[in-house]
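**Q**
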Amino acid sequence: MGCAECKLIQRLCKEGCIEELVGVDVDEGLLKERQHLIEPLTTDYLYPRPNPLNVKLMRGSIAQPDIRLYDFDLFTCIEVIEHLEGAILERVPSAVFGALRPQVVLITTPNVEFNVLFPGCAGYRHYDHKFEWTRREFQEWCTGVCVRYQYSVEFSGIGTPPAGSECLGHCSQVAKFTRCSSTESDPTLSRTVGNSYTLVVEANHPFRHAVAPTEKLSNEAQYYLRVLTKLKLKDERDDDGSAAVLIPLVELLTYRKVSEMCSSVAELREALSHSGNVQLDPSGEYAVIPRQAELSDNDSPSDACDGEENFWVQSAGMDCLEPEPDW
Amino acid sequence: MSGRGGRGAALLKALEQPVRRPGQQSVQSGDPVSGPPGLTSAPVSTVGVPQQHMAADVDRCPPLATPSSEQPQLIHRPLVSPALVGRGGARGVLPVEPRVGDEPPLLMSHRPSLPERAQTETSSSVPSVQQGPGSQTIIRGAPAVGRGSMLRDPTSHVRLPQLHSSGGAPVVQTATPTVSPPPAPSPTPPLPTQSPPVKDMRGLSLDVESNMASQRGSSGQPIPVSANYLPLKGNIDGVYKYAIGFNPPVEDIRSRSQLLNEHKELIGLTRVFDGTTLYVPKRICEQRLDLMSTRQTDGASFKVTISLVGTAQNKDAVQLMNVIFKRILRSLKLQRIGRDYYDANSPLEVPQHKMQLWPGYVTAINRYEGGLMLVLDVSHRVMKTDTALDFLYELYHSNQDKFREEAFKQLVGSVVLTRYNNRTYEIDDIAWDKNPRCAFQDHAGNQITFVDYYKRAYDLDITDLEQPLLIHRPKKKQRGKEETSKEVDEMVCLVPELCSMTGLTEAARSDFKVMKDLAVHTRVPPEKRAESFRKFIQRLNTTKEASELLQSWGLILDSRMLDLQGRRLPPEKILFKNSSIVANMEADWSRECLKEHVISAVSLLDWAVLFVRKDQGKAADFVNMLSKVCPPIGMEVQEPKMVEVINDRTESYLRALRELIAPRLQMVMIVFPTSRDDRYSAVKKLCCIESPIPSQVIIARTITQQQKLRSVAQKVALQMNAKLGGELWAVEIPLKSCMVVGIDVYHDKSYGNKSIAGFVASTNPSFTRWYSRTAMQEQSQELIHELKLCMQAALKKYNEVNQSLPERIIVFRDGVGEGREGYVSEFEVPQFNSCFSIFGENYSPKLAVVVVQKRITTRIFGRSGNGYENPPPGVLVDHTISKSYDFYLVSQHVRQGTVSPTYYRVIYDKSGLKPDHLQRLTYKLTHMYYNWPGTIRTPAPCNYAHKLAFLVGKSLHRDPAHELSDRLFFL
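Quick note, the sequences are listed as chains A and B, same order. At position 117 of the first sequence (counting the first as 1) the number is 117 in the working numbering, and the numbers step up by one without a gap. At position 970 of the second sequence (counting the first as 1) the number is 970 in the working numbering, and the numbers step up by one without a gap.
(1) Going along the region 313–345 of chain B in order, which residues come within less than 9 Å of chain A, judged by CB to CB distance?
(2) Buried or exposed: B/Lys995, going by 16 or more other Cβ atoms within 10 Å of its Cβ?
(3) Alpha helix (DSSP H) containing B/Arg256: first to last residue?
(4) Taking all protein chains shown into account, do 16 or more other C-beta atoms lie within 10 angstroms of the C-beta of A/Glu132, making it buried, or fewer, making it exposed?
(5) List the whole-angstrom C-beta distance separating B/Leu357 from B/Asp343, where the pair is believed to meet the contact cut-off of C-beta under 8 Å.
(6) Cβ of A/Leu168 less than 7 Å from any chain B Cβ?
(7) Can you tell me which of the three DSSP states B/Tyr908 falls into?
(8) The ligand MG heavy atoms versus the CB of B/Ala227: any closer than 6 Å?
(9) Report the option in B/Leu389, B/Thr424, B/Thr277 whose CA atom is closest to the CA atom of B/Arg339.
(10) Go ahead and label B/Met669 buried or exposed: buried means 16 or more other beta carbons lie within 10 angstroms of its beta carbon, across all protein chains shown.
(11) Starting from A/Ala244, trace the beta strand (DSSP E) both ways and give me its first and last residue.
(12) Using 7 Å as the threshold, is the C-beta distance between B/Thr935 and B/Pro873 below it?
(13) A/Leu30: which of B/Val225, B/Gln258, B/Gln215 sits nearest, CA to CA?
(14) Just the Cα atoms here: how many angstroms apart are A/Ala271 and A/Ile247?
(15) Please name the residues in the region 405–422 of chain B whose beta-carbon is closer than 9 Å to at least one beta-carbon of chain A, in chain order.
(16) Give the C-beta separation of B/Glu596 and B/Lys618 to the nearest angstrom, bearing in mind that I take them to be a contact with Cβ-Cβ under 8 Å.
(17) Would you report the Cα separation of B/Pro871 and B/Lys241, rounded to the nearest angstrom?
(18) Measuring straight from C-alpha to C-alpha, what distance separates B/Ala972 and B/Asn228?
(19) Hey, how far is the Cα of B/Gln313 from the Cα of B/Asp237?
(20) Any beta carbon from chain A within less than 7 Å of B/Pro960's own beta carbon?
(21) At which residue ranges does the region 382–449 of chain B contain complete beta strand (DSSP E) runs of 3 or more residues, listed in the order of the chain?
(22) Give the interface partners of A/Lys257 over in chain B, defined as CB-CB distance under 7 Å, in chain order.
(23) Quick one: Cα of B/Ile599 to Cα of B/Val894, how far?
(24) Between the region 844–859 of chain B and the region 537–553 of chain B, do three or more beta carbon pairs fall short of 8 Å?
(25) Quick check: what's the CA-CA separation for B/Glu972 versus A/Ala212?
(26) If you reduce the DSSP assignment to three classes, tell me which class B/Met928 lands in.
(27) Could you give the DSSP three-state label for B/Arg658: helix, strand or coil?
(28) Consult DSSP for B/Thr305 and reduce its assignment to one of helix, strand or coil.
(29) Assign A/Ile328 to one of three DSSP states: helix, strand, or coil.
(30) On the three-state DSSP scale, how would you describe A/His126?
(31) Compute the Euclidean distance between the alpha carbons of B/Ser681 and B/Pro694, then round it to the nearest angstrom.
(32) Using the Cα positions of B/Ala317 and B/Leu269, report the straight-line distance between them to the nearest angstrom.
(33) Span of the beta strand (DSSP E) holding B/Ser500?
(34) B/Val602 and B/Leu470 - do their beta-carbons sit closer together than 7 Å?
(35) Let me check understanding here. Comparing Cα to Cα, which of A/Asn277, A/Ser275, A/Cys171, A/Gln222 lies closest to A/Leu253?
(36) Under 7 Å Cβ-Cβ, which residues of chain A neighbour B/Gly298?
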């Protein structure tokens, strides 16, 4: 609630355990301006998160509940309440704790007692603050909320005071509210609470599709089989004319990526035979790679040292990729 | 100025804070790398400096000179080298996109947008800057360096230098992206301010309109074609440009945006604002409007002054359209990598190589003869799904002895994507002496290890503590202004485990199977490509946000590719010794050239073949086959000396060759048991430098298969003849006394960062004999001087052969980075012209210089019924999508995929040739590449130059012996 520049939202997008994330703020322009922050990054596609994640930014007021935010696991209200006018602040408890009833609510607000430590700080810390509370004021307000809406609260703080000033408390005070009753559903709620927020932007993050461990292992194994085959063909002193190259499976285990996933040739054998793409010799100790599959024919670019002999290779049509083919 | 856009970047709001890059180290101690992010460092701008002042600077550093000496100019170069994948990070920012080119980053930009813009604003936003003499301008804000800003991605921020007038006059604000400023003294000695009038800006621009009248040819047969251009219609005149001033001045661009945003009811949400200039498709005020705003962070009040500059003009419009279009692409949920946009949601998996191909789009809006158009092409981006660490491991397993050498070769120059901050870096070095447990100084001045840093900042665990670190060196703001440019040796250390490999490594690129598997996806035939365009347009039209954006700016994008009339140049007659044929539809004469006598054959009387024992039989068979296939092409071959090399070690080959090479020996053929770069390189060094002799290398496998032996032998015979100085075929060349020159440049990142230019010049009227030279260029040097020497040598040779100097010289200059044509016309052309005088006062040949560009996004489609196909070779377009004296030519035939035209831009023409003749000459020259019995993509001298530069850059690393310079030894 009051996500403003969306920095927290952006940070939370990286948390693999979160599945739904909503940022609410009254300033639609600001949300629009910052909407790109909730979109997945290029790397998020390369390293997809384990679970789906839906992120929304909505324009709305903390003082007004929206049914779509009902029964969330957590609400945060970081340095927000002190910006609210009295009349609006008054409506916050009923909207958040009364109607939406999240399991946990985190509220932070400046601790005005701490202000004496700011040199030259007269009045409030920010011109837009409508009030700044002492620890007692905040705790009283919180306790009142708990009594009314069946929450419990724990207090803590952020920004440790310097030595000697411990009595002032933390720079910011934190209240963690926990809902007392377990899941509840209130059938009347949808009638009393409407859709008061407007969706500004929404993003779905890519997530990992489950790949069976054997398939994953098999993919890795096949990749490194190719690497080993290429090596072998390169090193080969004698082109003995045999039709296939034998690669001992045990060599695959020297690759970190493979050994991270399995520890024995037996597992490898199992995974590879499962995939059906790789032929194994009868003993099961070797992969049999047909030579022809790796060797290109005479007209292929990889064949020649420098493309001398393959000068009639027609490859001018290779487009799109960066490599600039020889003619 | 072809194609790619994105130059509109200065128009943008920079919204995002930079993510601090870890590991950046500043050797220069006490560097004030601290301060609030968002404030940028050393905004140095030479805006408004009187002309003489600039001119003086310019004189001191000629390569930086301005294109127009009359205009003051900002000189800018990218801080970070734009690589294949560029600066990914700046999300939400439409940045200035330095052009990627074949050449190192620009010295001098011919993207006039920035200087022009900056100046326009200076002059326009506050007319009162026209101060009297003696008033001073202080360039402020120098050392407020943001965290990590020294290394900041140039794309992510717009710098906001302020010219703060002392006389209480309104403040002039200029926006110059980070790419721009050459280091200027800061604090700067006060410079008098004088804004040049707006109209003067025009002269700076390469405005296409000024010379829009294109020079067209006429020959050939009209043929209907289509091009991947979508005309963009809209009411550009309805877009107004305003200068926005703040008083008191505001440096932070976000605050500026916020202050302006307070008046969104007045301005509306449809707008582009970069901190100083605002574009809105409506009229806000008559002349000038003062508004009051409150800064949200501290409640301070500011006066916001909106002054109308006028309607968005040509250049503005192009920039603006590009900015808007980037927004549109973003709204289509495409991922920006480098300057192009990719669809990460539907990657094509290539698991066998641990790769993904991301389909994507290349777009740019530009003004052409036919008006404002969007160029649209599909492209694919290779993304590796494993990390740089995996890659290092793989290399280590493959080659333990030379692991470091190999790793350096493979990794340096490649681009990695760091997963934690989504940025891309080009790798410049590998720090073997460092590992993740090393400490660096963070922005607060504390020592912290990489392991701890990544844990703390990104909650990432580094598992391999022994891995070396990768080094990225942001490009220095170098050259010129030496007096102020402190050599700050900056580097960014990257942990391989956290880096993804992007693009193709050298190894992958030369891997036949990888390329084949990728080609399945990337070789898109014309019809399928056209289908992708249709889908893109459909997606654009059905995405609410995108179509709303277009609408709100009053833009209409044609939904069909541009149809236009091309010409098919007449097929050329291919001349052999005793006969001639007319090239077929595919411009391919591979069959004929095996039967016809070559124009001139060099008899192979004294030559030798080297091989190891196991290849003895193959070598003998091959020689036998050569003796059969040579006579039909008119080539006499005697028995060679058959020399068995004792083993396959490189030294054994070298020893055998040294013993063998004697003055009478014409050529050596070397059969290698396997393909190995080091051996190849050593042998070529011997044969091209130490004991110059034409050489032919063959891999044993190539001559293993009996059924292919004949065809291999035929091709090798032709190639050997060309290497010996023979002429294979010719086309009719009506020009007399003309020399054509081809220049191409090879950049070798891994070998001392040199650039090698190949220079190839014709020495006979039929363009069948060539003289070649190479020019080496150390990093950050220019080729100009060397090229001049090459030209002189070529003219001497021409004179020696023909007993006269050429009356006409046509230079085809390849290897010019995008947007660098200006450099060629500004510096290389005068150098060429100046070198003629050493051949006599009166010698001034008619020179033309044509810049050849292959990597362009333009596609030309032939039309068949309702569908699209590749146009036949010889199709040329020189109107509507052209800009000045330029043309697109499809010279080659392709069997797969979509053909790419080559873009020829005539940047200097005193040749007296009609456009038609120059076009015909260009096409003729694409027939003359002796390694390919058909037409190729560029004029033959360019491809010879490419081949030569490649050999020297890749294998020789030194100039080849001049004894060989009169034949095509490098084929």
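Ideal placement from N, C-alpha and C gives every residue a C-beta, glycine not left out. These numbers were taken from a predicted model, which means no experiment stands behind them.
**A** Answer, in terms of the structure:
(1) For the region 313–345 of chain B, the beta-carbon criterion of a distance under 9 Å to any beta-carbon of chain A is satisfied by Arg330, Lys333, Gln335, Arg336, Ile337, Tyr342, Ala344, Asn345.
(2) Outside the displayed range of chain B (1 to 971) lies residue 995 of chain B, so it cannot be described from this structure.
(3) Your numbering for residue 256 of chain B matches position 256 in the second sequence. Per DSSP, B/Arg256 belongs to the alpha helix (DSSP H) from 253–261.
(4) As a working mapping, residue 132 of chain A is identified with position 132 in the first sequence. Per the 10 Å Cβ criterion, buried.
(5) Numbered from 1 along the second sequence, position 357 holds the residue referred to as residue 357 of chain B. Numbered from 1 along the second sequence, position 343 holds the residue referred to as residue 343 of chain B. Not confirmed; about 11 Å, so no contact.
(6) Position 168 of the first sequence, counted from the first residue, corresponds to residue 168 of chain A. With 7 Å as the cut-off, A/Leu168 does not count as an interface residue toward chain B.
(7) Position 908 of the second sequence, counted from the first residue, corresponds to residue 908 of chain B. If DSSP states are grouped into helix, strand and coil, B/Tyr908 belongs with the strands.
(8) The ligand MG is absent from the structure shown, which contains no ligands of any kind.
(9) Within the second sequence, numbered from 1, the residue matching residue 339 of chain B stands at position 339. Selected option, being the one with the closest Cα: B/Thr424.
(10) Residue 669 of chain B sits at position 669 when you count from the first residue of the second sequence. Buried: at least 16 other Cβ atoms inside 10 Å.
(11) Numbered from its first residue, the first sequence carries residue 244 of chain A at position 244. Boundaries of the beta strand (DSSP E) harbouring A/Ala244: 244–248, taken from the DSSP string.
(12) Taking the first residue of the second sequence as position 1, residue 935 of chain B is located at position 935. Taking the first residue of the second sequence as position 1, residue 873 of chain B is located at position 873. Yes.
(13) Counting from 1 along the first sequence, the entry for residue 30 of chain A is found at position 30. That would be B/Gln258, whose Cα lies nearest to the Cα of A/Leu30.
(14) For the purposes of this step, residue 271 of chain A is taken as the residue at position 271 of the first sequence. For the purposes of this step, residue 247 of chain A is taken as the residue at position 247 of the first sequence. Going from the Cα of A/Ala271 to the Cα of A/Ile247 covers about 16 Å.
(15) If the cut-off is 9 Å between Cβ atoms, the region 405–422 of chain B has Leu417, Thr418, Arg419, Tyr420, Asn421, Asn422 near chain A.
(16) Position 596 of the second sequence, counted from the first residue, corresponds to residue 596 of chain B. Position 618 of the second sequence, counted from the first residue, corresponds to residue 618 of chain B. That belief does not hold up - the Cβ atoms of B/Glu596 and B/Lys618 are roughly 28 Å apart, past 8 Å.
(17) For the purposes of this step, residue 871 of chain B is taken as the residue at position 871 of the second sequence. For the purposes of this step, residue 241 of chain B is taken as the residue at position 241 of the second sequence. Rounded to whole angstroms, the separation of the alpha carbons of B/Lys241 and B/Pro871 is 43 Å.
(18) Residue 972 of chain B cannot be examined here, being either before or after the span of chain B that is shown, 1 to 971.
(19) Stepping through the second sequence from its first residue, residue 313 of chain B is reached at position 313. Stepping through the second sequence from its first residue, residue 237 of chain B is reached at position 237. Cα to Cα, the separation comes out at about 8 Å.
(20) By one-based count along the second sequence, residue 960 of chain B stands at place 960. No, its Cβ sits nowhere closer than 7 Å to a Cβ of chain A.
(21) Scanning the region 382–449 of chain B for uninterrupted beta strand (DSSP E) segments of 3 residues or longer gives 415–418, 423–426, 429–431, 439–441, 447–449, listed from N- to C-terminal end.
(22) As a working mapping, residue 257 of chain A is identified with position 257 in the first sequence. Those within 7 Å of A/Lys257 in chain B are Asp390.
(23) By one-based count along the second sequence, residue 599 of chain B stands at place 599. By one-based count along the second sequence, residue 894 of chain B stands at place 894. Taking the Cα positions, B/Ile599 is about 27 Å away from B/Val894.
(24) The answer is no - the region 537–553 of chain B does not touch the region 844–859 of chain B, with fewer than three Cβ pairs under 8 Å.
(25) Residue 972 of chain B is absent from the structure shown; chain B starts at 1 and stops at 971.
(26) By 1-based counting over the second sequence, the position of residue 928 of chain B is 928. When DSSP states are grouped into helix, strand and coil, B/Met928 belongs to the coil group.
(27) For this step, residue 658 of chain B is matched to residue 658 along the second sequence. Reduced to three states, the DSSP call for B/Arg658 is helix.
(28) As a first step, residue 305 of chain B must be located in the second sequence, where it is residue number 305. The three-state reading of DSSP puts B/Thr305 in strand, counting E and B together.
(29) One cannot answer for residue 328 of chain A here, as it falls past the ends of chain A, which runs 1 to 327.
(30) Within the first sequence, the letter at position 126 stands for residue 126 of chain A. The answer is coil: DSSP assigns A/His126 none of H, G, I, E or B.
(31) Start at 1 with the first residue of the second sequence, and residue 681 of chain B comes out as number 681. Start at 1 with the first residue of the second sequence, and residue 694 of chain B comes out as number 694. B/Ser681 and B/Pro694 have their alpha carbons spaced roughly 14 Å apart.
(32) Translated into positions along the second sequence, residue 317 of chain B becomes position 317. Translated into positions along the second sequence, residue 269 of chain B becomes position 269. Computed Cα separation, rounded: 19 Å.
(33) Here residue 500 of chain B refers to the residue found at position 500 when the second sequence is read from its first residue. Boundaries of the beta strand (DSSP E) harbouring B/Ser500: 499–502, taken from the DSSP string.
(34) Taking the second sequence and counting its residues from 1, the one referred to as residue 470 of chain B is at position 470. Taking the second sequence and counting its residues from 1, the one referred to as residue 602 of chain B is at position 602. Not a contact, by the Cβ cut-off of 7 Å.
(35) The residue you call residue 253 of chain A lines up with position 253 of the first sequence. Checking every option, the nearest Cα to that of A/Leu253 belongs to A/Gln222.
(36) Your numbering for residue 298 of chain B matches position 298 in the second sequence. Checking the displayed sequence, the identity of residue 298 of chain B turns out to be Asp instead of Gly. Result: Tyr127.
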